[in-house]
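Have a look at the structure below, then the notes.
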Amino acid sequence: MAFNAEKFISSHVRHGMKVGLASVLAYVGAEWIGLPYGYWAVITTVIVMQMHVADSIQMCLYRFTGTAIGAGMGILMILIFPPTHFYTLIAVFVGTGICAYLTRYDARYRMAAITMAIVFLSSLHAEHRIEYSMFRVAEIGVGVLCAFVVSVVVWPNRTTSVLLDRLCRQYDQVADNLLLLMDNFLHRQRKTDPDLFFDLAREVQANRELYNKVYSTERRVFRDDMDLLALQVNTLNSVVERLQSTPSLLNEVEGDGFDIIMTPELTLLAKHLAVALRAIGRGIKYDPHPLARAVDGVEKRFIELREQGVIERFEVRRYFQVMSFINTAQHLGEYLLVVLNKPQMPR
């Protein structure tokens, strides 16, 4: 994919402005509430703010829940251990150790260990340690809230948009690869790059992680069609799995290939498969009837040729190559017809 310098720079400029705005809001908010150390709110905001909304929301959740747990642990240590040097060391060991151990169950406990250390150690010389600790928690809470609001409201850089862009590009690439494969097959089974789908298959696997991120965070704030997005992600994964073996299928048989009598029917099928793939990738309305007719056309023509005994001209290995390729294309068409008729697709 070509590097878009303008888009790259503008997104980082916007992110910088958002972090600056959230930091100012956090400091002003802490002052307005009457919290004495507003810089804790600013520090929290800088830590929490991420490039994408989903990452920011996830960090806000981690920071908020981690703060609550860590504050509780810190206050518990204050109540249990007297403020002497020896017992301070014991309290830090016990409190941070427990929180760090709990990361085996949830990563947010790492934030709890940080908050526990802040709450316990920063209040050592304070007259009212618990009250002092609660102020620190409030300051962190203000920072989390400001980061969340700015991330969601101001120029939201959404993971959903990133995933949709990826899907559109990947569906286009699958469609192009399919047309290339069909062209090579029809031109006497021409050799094809065996790694045609290698990079794409790896990218497609990463879509699931992005979808899970959107599902767990952004859908709680924005109204997205998660059913359609899930269908797009799952369909692409299935399509790539079905086509990954076709380059090897074209390359495994040596010798001269054959002219394929079914070239008109297969060319039409490949054309409609590509159009259907692009429509699914964009989540737009598509009439499945031309694809259905193309799939039926291949089936009817194959039956005619079989009855005429034409396929007997193939030797065994070439027979399996030709039949397997046609079968893959036809089954892909049938699968896409099922997808296009699902209620998630636009009508």
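Each residue of the sequence shown is one higher than the last, beginning at 2 in our numbering. Ideal placement from N, C-alpha and C gives every residue a C-beta, glycine not left out.
Same chain only: Cβ atoms within 6 angstroms of residue i, ignoring 5 sequence neighbours per side
i: Val-299; result: Glu-266, Leu-270, Gln-331
i: Pro-248; result: Thr-193, Pro-195, Leu-197
i: Lys-272; result: none
i: Met-346; result: none
i: Met-18; result: none
i: Ala-31; result: Gly-39, Ala-42, Glu-140, Val-143
As assigned by DSSP and simplified to three states, the class of residue i
i: Lys-429; result: As displayed, the chain neither begins before 2 nor continues past 348, which places residue 429 out of reach and without an answer.
i: Asn-5; result: Annotation note: pLDDT 48 at Asn-5 (below 50); position unreliable, no value reported.
i: Ala-31; result: helix
i: Thr-352; result: An answer regarding residue 352 cannot be provided, because it is not within the stretch 2 to 348 covered by the chain.
i: Ala-114; result: helix
i: Met-227; result: helix
i: Glu-349; result: Residue coverage of the chain in this structure runs from 2 to 348, which leaves residue 349 outside it and unanswerable.
i: Leu-201; result: helix
i: Asn-238; result: helix
i: Asp-288; result: coil
i: Leu-125; result: coil
i: Ser-246; result: coil
i: Arg-170; result: helix
i: Tyr-38; result: coil
i: Gly-98; result: helix
i: His-332; result: helix
i: Gln-190; result: coil
i: Pro-265; result: helix
i: Met-52; result: coil
i: Gln-309; result: coil
i: Asn-208; result: helix
i: Arg-130; result: helix
i: Met-324; result: helix
Whether residue i touches residue j by CB criterion (9 angstroms)
i: Ala-92; j: Phe-121; result: yes
i: Phe-223; j: Pro-289; result: no
i: Val-276; j: Leu-250; result: no
i: Val-143; j: Ala-72; result: no
i: Ser-134; j: Ser-123; result: yes
i: Ile-131; j: Thr-45; result: no
i: Phe-259; j: Arg-189; result: yes
i: Val-340; j: Ile-281; result: yes
i: Ala-176; j: Leu-274; result: yes
i: Tyr-172; j: Met-112; result: no
i: Leu-179; j: Leu-244; result: yes
i: Ala-55; j: Val-150; result: no
i: Ile-48; j: Tyr-110; result: no
i: Leu-211; j: Leu-278; result: no
i: Arg-159; j: His-53; result: yes
i: Val-241; j: Val-296; result: no
i: Leu-230; j: Thr-161; result: yes
i: Thr-68; j: Val-154; result: no
Environment of residue i [buried if 16+ CB atoms lie within 10 Å]
i: Ile-81; result: exposed
i: Ala-371; result: The structure shown does not extend to residue 371, since the chain spans only 2 to 348, so no value can be given for it.
i: Leu-125; result: exposed
i: Asn-5; result: The pLDDT assigned to Asn-5 is 48, lower than 50, so where the model puts this residue is not dependable; a value taken from the coordinates is nonetheless given after this. Exposed.
i: Gly-35; result: exposed
i: Ile-285; result: exposed
i: Tyr-88; result: exposed
i: Ser-57; result: buried
i: Phe-136; result: buried
i: Gly-310; result: exposed
i: Tyr-287; result: buried
i: Met-78; result: buried
i: Met-324; result: exposed
Residues near residue i by beta carbon distance below 7 angstroms, same chain, minus five either side
i: Met-59; result: Sequence inspection shows Gln at residue 59; the Met mentioned does not correspond to that position. Thr-218, listed in sequence order.
i: Thr-97; result: Ala-114, Met-117, Ala-118
i: Asn-342; result: Pro-289
i: Cys-61; result: Val-49, Val-145, Ala-148, Phe-149
Same chain, Cβ closer than 8 angstroms to residue i, neighbours up to 5 away in sequence not counted
i: Ser-239; result: Tyr-336
i: Gln-174; result: Leu-201
Check: residue i C-beta below 8 angstroms from any heavy atom of the ligand NAP
i: Glu-300; result: This structure lacks the ligand NAP, and indeed carries no ligand of any kind.
Whole-Å CB distance - residue i paired with residue j, under 8 angstroms assumed
i: Val-254; j: Arg-191; result: With a Cβ gap of about 12 angstroms, Val-254 and Arg-191 do not count as contacting.
i: Thr-268; j: Leu-187; result: 7 angstroms
i: Tyr-28; j: Gly-21; result: Contact doesn't hold; Cβ gap of about 11 angstroms is too wide.
i: Leu-181; j: Asn-208; result: In fact, because the Cβ distance is near 22 angstroms, the residues do not count as touching under 8 angstroms.
Residue-chain proximity (residue i, chain C), Cβ-Cβ < 9 angstroms
i: Thr-46; result: Here chain C cannot be found, since the structure has a single protein chain.
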